[in-house]
Each structure stands twice: as C-alpha cells, then as structure tokens.
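Numbering (my numbering), first residue to last: 1218 to 1565.
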C-alpha cells in the first residue's frame, strides 16, 4: 500500500456504451470558487527538485463539493499530486521539505483524500466530474501537493502553480468520488523497441468491503482516469475483465508526456461484478538499456489514478517479477503479477 500511495496518490474513446473524453473537452468557462497560487520555486538549470511539498489551508467551515479542477503553471513541473488532509496535519502553508515535516502520502490519502493529479509535464489542465459527482473535502482541511520539478533549460527558472476548484451545491451532488490507483512496479522495459505491459488485479476484495459495510457487493462506476508514464510512454489503457475473460474498455490514450493523460468517463462505466481490472502501458524505449521503475528522468513508470463512485479507496501494485507472455501487434508483451489489492472502507 505504501508504494502505490507514495507514488500517487490524463481522443475520445467509445466502448461498450460508454465514452471517455478529454477532461477539458467541451468545457464552458471555468468558474473558480476556490483559487490559490503557490509560492514560486527556483529550479536550477539541469536539476530536479523532489521531496518538496506545498500547502494551502482552506479555512473552510463547510464541506467543499469539488466538481471541477483547473491547474496552470509556469513550466518545469514534471508532475504533482494534490491531496486534502485535516488542517492540523503536516507543515505550515508555503513550501517545505516533505520528509522534514513528516508528510506521508499514505496518511494524507487515508485521513483525507486525493483531489488532483497532474499529467506529466502539462502546463494547463481543466476537467469537470460528470453525472452529479464530486470529490468532497471536509471542513477544516488543507491542500497539500507532493511535487516533482525538472528544469532541462539552460537557465534557472522561477515557477509557480495555480490550483482552482469549482464548487457544486450540496443538493446537486449525488455521488461522492473516491480514489482507485494501480502501479506496475516491476518494469524492465527492453531497449530499442516498443513493448506493452499489462497487469490484471482481482476485485473481489473491493466487493467484499462494499458488502460488509454498505450492503452492496458487485458494482461501482469509474468516472475519471488519469494514466501516468514518462518520456518513453506512448499508450495507456484501462479495462474491466469479465468472468468469461472478455474485456470492456474504460478508456485508452496514445498521448505522450506533455499532453493531457486524464479522461472523463461519461457516462461512468459500471463494473457489474467484473472479477478483474486490467491496466496496460505501452512504451517506445529508444535507449540502449532497460528502463526500470523510478521517479528520475531516466526511468519510467506505469500507474493511474481513477475516481470511483463508491465508498471505498482502492490501491494495488505489481511488485512480483513480470513475465513475457506474447507478441502483440508486433510488440513484446509482458504481464506483471498483481501483488496485493487493498480496499479501505469510507464512512458515509
């Protein structure tokens, strides 16, 4: 659980009666009820900044029903993950070292939640959740970002990020969204070729938690998906795997770093008791070495953040060794073992 949350916690596709759309597609003017520009960060030429956090205390006396999110930045933001947590947790507002202040993404996600994750190297993103759904931030919360900045330019850069929320009226929200995230940790992407990496995880643990705590056992809907990989990534897909082995595509994209990798799923695609959930990442490794998992610019990742309309937070990772299984469209294909699925009940 710690690996996946420490790493987290985004073309239009039509499949099986659902569609996944670019989060900004067709959006009207963004009406920000909450907006904050974080302090500037200086990133030296040719360097990376990791383990930096920034925070913003909301001073909210009432819940915030986040129905839309927008971010824009001045560059050098490789990616960032934004959480909400109780306002008395972690550091003071501003910029601080995550480790020095004892910030943990595990604690932030469990005691609060995930409100936004930035697509790799994007300057601007906007999306709205569909179908009267929202991420609900409790009263007396703060926003905390876990940051990764990279400056490839010849000069230093001072850069800021602005985060904005649209706030729905409580009576207009019927679905409270919770995070679901998978990670393929056991990457060893072969050099000088394209390849695909799959991982299928059993979902029975999720159904068991829903049955035990809420009396509903076999259904949830996915409302939004954000894939994540680095410079060599060129494909992301997410599908339900039904009992007969057939797959129902939730979303896919061939966008690359710098493009939006997040997609709204509208209408949301229901699980309908599907026993498996499959993630796929594709790569074009143009180097002469294997690419392994890592946060550095010379490594790769395969992970995603999704929002589900069910009172459960779900995490899983592929830590077991991956096996080469077949050729797929002329590409070598690898299967990662799903090491564990953790489902955490959310009280309503």
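Think of the CB as a built atom: it goes at the ideal place given N, C-alpha and C, for glycine as much as any other residue.
6 Å CB neighbourhood of residue i in its chain, flanking five on each side removed
i, result
"residue 1553", "1401, 1403, 1416, 1535 and 1539"
"residue 1329", "1300, 1301 and 1302"
"residue 1452", "1471 and 1499"
"residue 1558", "1418, 1422 and 1533"
"residue 1316", "1268"
"residue 1265", "1367"
"residue 1242", "Here residue 1242 scores only 40 on pLDDT, less than 50, and its place in the model is too uncertain to base an answer on."
"residue 1334", "1298, 1443 and 1522"
"residue 1291", "1376 and 1377"
"residue 1218", "Here the model assigns residue 1218 a pLDDT of 33, short of 50, so the residue's position is not dependable and the matter cannot be decided."
"residue 1393", "1353"
"residue 1311", "1256"
Three-state secondary structure assigned by DSSP to residue i
i, result
"residue 1424", "helix"
"residue 1380", "strand"
"residue 1404", "coil"
"residue 1298", "strand"
"residue 1430", "helix"
"residue 1267", "strand"
"residue 1255", "coil"
"residue 1277", "coil"
"residue 1223", "Only weak support is given to the placement of residue 1223: the predicted model assigns it a pLDDT of 35, under 50, and the value that follows is read from those uncertain coordinates. Correct three-state label for residue 1223: helix."
"residue 1247", "coil"
"residue 1392", "strand"
"residue 1284", "strand"
"residue 1260", "strand"
"residue 1293", "coil"
"residue 1564", "coil"
"residue 1411", "strand"
Cβ distance (whole Å) where residue i is taken to contact residue j below 8 Å
i, j, result
"residue 1525", "residue 1429", "About 17 Å; that fails the 8 Å criterion."
"residue 1295", "residue 1337", "7 Å"
"residue 1550", "residue 1412", "7 Å"
"residue 1501", "residue 1405", "That pair is no contact at about 15 Å."
"residue 1379", "residue 1254", "4 Å"
"residue 1353", "residue 1280", "5 Å"
"residue 1491", "residue 1395", "Going by Cβ atoms, the distance from residue 1491 to residue 1395 rounds to 18 Å, so no, they are not a contact pair."
"residue 1293", "residue 1374", "5 Å"
"residue 1249", "residue 1381", "4 Å"
"residue 1448", "residue 1370", "Their Cβ separation, rounded to whole angstroms, is 16 Å, which puts residue 1448 and residue 1370 out of contact at 8 Å."
Cβ-based neighbour list, residue i, same chain, cut-off 7 Å, excluding 5 preceding and 5 following
i, result
"residue 1313", "1270"
"residue 1426", "1529, 1560 and 1562"
"residue 1358", "1275, 1277, 1301, 1302, 1303, 1304 and 1329"
Sequence-distant residues of the same chain with beta carbon closer than 8 Å to residue i, five excluded per side
i, result
"residue 1319", "1307"
Counting Cβ pairs closer than 8 Å, one from the region 1270-1286 and one from the region 1361-1374, do we hit at least three? Yes, since at least three Cβ pairs between the region 1270-1286 and the region 1361-1374 fall closer than 8 Å, the two stretches touch.
Kindly confirm or deny that the region 1377-1392 and the region 1510-1523 touch, where touching means at least three C-beta pairs closer than 8 Å. No, the region 1377-1392 is not in contact with the region 1510-1523.
Is the region 1463-1477 close to the region 1505-1515, with three or more CB pairs under 8 Å? Touching, no, given that fewer than three Cβ pairs across the two stretches are closer than 8 Å.
Ignoring anything shorter than 4 residues, give me the alpha helix (DSSP H) runs that lie fully in the region 1301-1388, in order along the chain. Runs found: 1322-1328.
Runs of beta strand (DSSP E) lying entirely within the region 1436-1472, each at least 3 residues, in chain order: Within the region 1436-1472, the beta strand (DSSP E) runs of at least 3 residues that lie entirely inside it are, in chain order, 1438-1445, 1450-1458 and 1464-1470.
Determine, using beta-carbon pairs with one atom in the region 1476-1488 and one in the region 1434-1453, whether at least three such pairs fall under 8 Å. Verdict: yes, contact present.
Does the region 1282-1299 come close enough to the region 1340-1351 that 3 or more CB-CB pairs lie under 8 Å? The answer is yes - the region 1282-1299 touches the region 1340-1351, with three or more Cβ pairs under 8 Å.
If you scan the region 1477-1558 from start to end, which runs of the beta strand (DSSP E) of 3 or more residues do you find wholly inside it? At a cut-off of 3 residues, the continuous stretches assigned as beta strand (DSSP E) that sit fully inside the region 1477-1558 are 1479-1487, 1493-1502, 1520-1525, 1529-1535, 1540-1545 and 1548-1553.
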